[in-house]
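Some notes on the structure that comes next.
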Amino acid sequence: MSLALQDLRNNMSNYKRATFEEEEVADIPADGTISPDSVEVGFRKGGIQLMGPLGRRTQLEVVLAGLLLASLFALFGCAVALGIRYNRDPARNLCLTEACVTVASKIVEALDRSVDPCQDFYQYACGGWIRKNPLPDGRSRWNTFNSIWDQNQAVLKHLLENATFNSSSEAERKTRNYYLSCLNEQRIEELGAQPLIELISKTGGWNITGPWDKDNFMEVLKTVSGPYRAQPFFTIGVSVDPKNSNSNVIQVDQSGLFLPSRDYYLNKTANDKVLKAYLDYMVELGMLLGGEKNSTQVQMREILEFETALANITVPQDERRDEEKIYHKITIAELQTLAPAVDWLDYLTSALSPLELNDTEPVVVYAKEYLQQVSDLINKTDRSLLNNYMMWNLVQKGVPSLDQRFENAQDKLLESLYGTKKSCTPRWQTCIGNTDDTLGFALGALFVKATFDKESKDIAEEMINEIRAAFKDSLDNLGWMDKQTRQAAKDKADAIYDMIGFPEFILDPKELNDVYDGYDVSDDNFFQNMLNFYNFSARVMADQLRKPPNKDQWSMTPPTVNAYYMPTKNDIVFPAGILQAPFYAHDHPKALNFGGIGVVMGHELTHAFDDQGREYDKDGNLRPWWQNSSVEAFKNRTECMVDQYNQYTINGEHINGKQTLGENIADNGGLKAAYHAYKSWVQRYGEEKRLPAVNLTNDQLFFVGFSQVWCSVRTPESAHEGLMTDSHSPPKYRVIGTLSNSPEFAEHFQCPLGTPMNSGHRCEVW
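Heads up: the sequence shown at position 306 corresponds to 1125 in the working numbering, and the numbers run straight through without jumps.
As structure tokens, this is what we get:
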């Protein structure tokens, strides 16, 4: 297999990466979380050209005509009639291209002019959008980019269902077969629960649904978490060693909870409705698989109590941010002493077969105390309960590929957990999401060839360099940083490697085929395709251990509308999906492009210097490279930000400023770098024309463009889940928190000192 095979690892292990926006996945992943919206996620998926919120061309033409007329009136001084003062804006200073008029109409539609921008800039920038975008049925949240993904899905549907589909790439044909197998609901309904019942039997049975004939803890653990990639008790993976970025290493971390956060189990009063719905879901699934009602209820309650015990020893996210503290490199023999309930050499040898391991093999452990405690918990728990819990984990891996009854059962849980009513998502959309999760690079090849503008890559490269230069310039103005650390920070910024659009190998049929070589896909058995993928991904993971990391490896697929920073490689990645409006369009004003994709670039670059990223040097190694005085000054400044965001509330519930610290640092630093890069561009090329009808200066447009990226609506339940699990602040405070720390924002919107958007108490790290 070629080196490109390593790129497939994006779907096969948990990366310690910093993303621009929260990610959700279609399946129930190894860490035990569950996603409400298999495909309707914020910025996860990509798209092509953004349609306006009006949708239909005839309506758009009406708006265009109206805006052009408004612009002409403005030129003739009809300010009173229009309520817009254009008499000071001669024709030569207005951009009246179709692109400018169209984007102006979208910006005006999203604004709420009745709100004072110095009081609540999020409501000012997004109030109109929120009024015009009620939450669609079946969705837990909706934002400006769900519509992009919806359109993108339609393009991918056309590509995969095209009667003339003809590809020279076997990988692309596998992608089509996988999609068609997911789409074949008749076959899925015919099979019913039988595929999973057979898998349970093959694994030794489940006391809940029938005879339990394998009273062997280790054998079941190896089967469930090896070829089927379920992760009861803990996760294992192979990834870059943070303290030796030129090698891969086995990594072990905490795991085992089905609900998204430990808080759901431990704060029973606040989450009683969810816990009841979860137990009902467990019982319904057990009965669908053949369990008797009373016995199933008793045993499922025991599993839930066991998960609650796991939640008690699980370390909260906000206590795991210092990677220097949680990194422990030990041997398998030492791991055996730490957590003796598991035969680790046997377990890891099985999981990483056919590799040869011995007890001197190094392992990086991220949850030392947890593993010690989970070992004690395993030793004192009845074997039948342990078996029931492990099989419950296996069941969760199979359920997404079963018939409508299982989907209906999940819908009821999702309504309680995320506030969604029964999903209205067409089957084909769900299947596009599943295909992207499984064969995303092959699907990405189809996407890129059909939609990606190659020129975008060159322009993005240029913008990144402009933002990198602005960030480095700002380092010279940081009085709190010593000279030696400042120079090292500049060296790290220079060393950040950027990857844009897509990995080149996907356009080479042989390379692409090599990536998926060994993954068998049929067009009529979705459940088997899923099992085959779990087996295949386990083999790929094992294959990485004795190989050096591939520096060009991607961990997001090309259609993804997101971006990320990877500290162990010191790289920033911008998939094709995000290089589009409203983030970027070649014919939009630079103020919007810098406020959109420019802030994204600055955000990811700043992640290299957030509270976690700063612990890694320019070569991606976790080691101290700061002088102590600068470390202390940095921590003092981050405390300001923690306190600031702790004060913000959603539905009366506070943001966790410590949990969201890294993303808040990146938001603030990214905005600052992008704005300064924009001003440098203006100095070089001169002031650009203004948009018609918007009545904003270009500096103001930069801040509005940034803010409108985050216009969104969300159910209270989903907002509650986000506060507990997401490392990003809610969209409203990604706008308010960041802009209230910007002196340039306060200056251009003339916000008086003491107003909410210019309180006089600013937090600044970078």
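Note that CB positions come from ideal geometry on N, CA and C, so glycine has one too.
For residue 1029, three-class secondary structure by DSSP: coil
Reference residue 1090; option with closest CA among 1560, 1579, 1535, 1477: 1535
Outcome for residue 1343 when other beta-carbon atoms lying within 10 angstroms are tallied against a minimum of 16: exposed
Member of 1521, 1054, 1306, 985 whose CA lies at the smallest distance from the CA of residue 1133: 1054
Close beta carbons around residue 1405, own chain, < 8 Å, minus the five adjacent residues each side: 1272, 1274, 1275, 1278
Cα-Cα separation between residue 959 and residue 1237, rounded to whole angstroms: 6 Å
With 16 other Cβ atoms within 10 Å as the buried cut-off, status of residue 1316: exposed
Residue 1538 versus residue 1176 - alpha carbon distance: 45 Å
Residue range of the beta strand (DSSP E) that includes residue 1053: 1053-1060
Residue 1138 versus residue 1363: straight-line alpha-carbon distance, rounded: 30 Å
Segments of 4+ residues assigned as alpha helix (DSSP H) that fall wholly inside the region 1132-1156: 1142-1145
Length at least 3, wholly inside the region 1038-1110: the beta strand (DSSP E) runs in chain order: 1053-1060, 1063-1073
Endpoints, the beta strand (DSSP E) within which residue 1320 is located: 1316-1320
Contact check, residue 1334 vs residue 1418, beta carbons under 9 Å: no
Buried versus exposed, by CB contacts within 10 Å (16 or more), residue 1171: buried
Sequence-distant residues of the same chain with beta carbon closer than 7 Å to residue 1437, five excluded per side: 1310, 1311, 1314, 1389
Unbroken beta strand (DSSP E) run spanning residue 962, endpoints: 960-962
Three-state secondary structure assigned by DSSP to residue 796: This structure leaves residue 796 out entirely; the chain is present only between 820 and 1585.
Short Cβ contact (9 Å threshold) for residue 1046 with residue 1212: no
Whether residue 1368 touches residue 1059 by CB criterion (9 Å): yes
Any alpha helix (DSSP H) of 4 or more consecutive residues that is wholly inside the region 1375-1461: 1409-1412, 1418-1426
Same chain, Cβ closer than 7 Å to residue 1241, neighbours up to 5 away in sequence not counted: 957, 1230
Three CB pairs or more closer than 8 Å across the region 1321-1337 and the region 1255-1268: yes
Supposed contact pair residue 1292 and residue 1580 - C-beta distance, whole angstroms, cut 8 Å: That pair is no contact at about 25 Å.
Sheet register partners of residue 1574 (DSSP bridge): 1577
Buried versus exposed, by CB contacts within 10 Å (16 or more), residue 984: exposed
Collapsed DSSP secondary structure at residue 1507 in the structure displayed: coil
Three-way DSSP call (helix, strand, coil) for residue 842 in this model: coil
Bounding residues of the alpha helix (DSSP H) (the contiguous stretch that carries residue 1287): 1273-1294
Ranges of the alpha helix (DSSP H) found wholly within the region 1520-1567, counting only runs of at least 4: 1535-1544, 1550-1558, 1562-1567
Assigned exposure category for residue 834 - 16 Cβ within 10 Å defines buried: With a pLDDT of 47 at residue 834, under the threshold of 50, the modelled position of this residue cannot be trusted; read the value that follows with caution. Under this definition residue 834 is a buried residue.
Nonlocal neighbours in the same chain, by C-beta distance under 7 Å from residue 1105, ignoring five residues either side: 1027, 1028, 1115, 1119
Sub-9 Å separation of residue 1481 and residue 1140 beta-carbons: yes
Residues that DSSP places opposite residue 1183 in a beta bridge: 1070, 1148
Whole-angstrom C-beta distance between residue 1378 and residue 1255, which should lie under 8 Å: 6 Å
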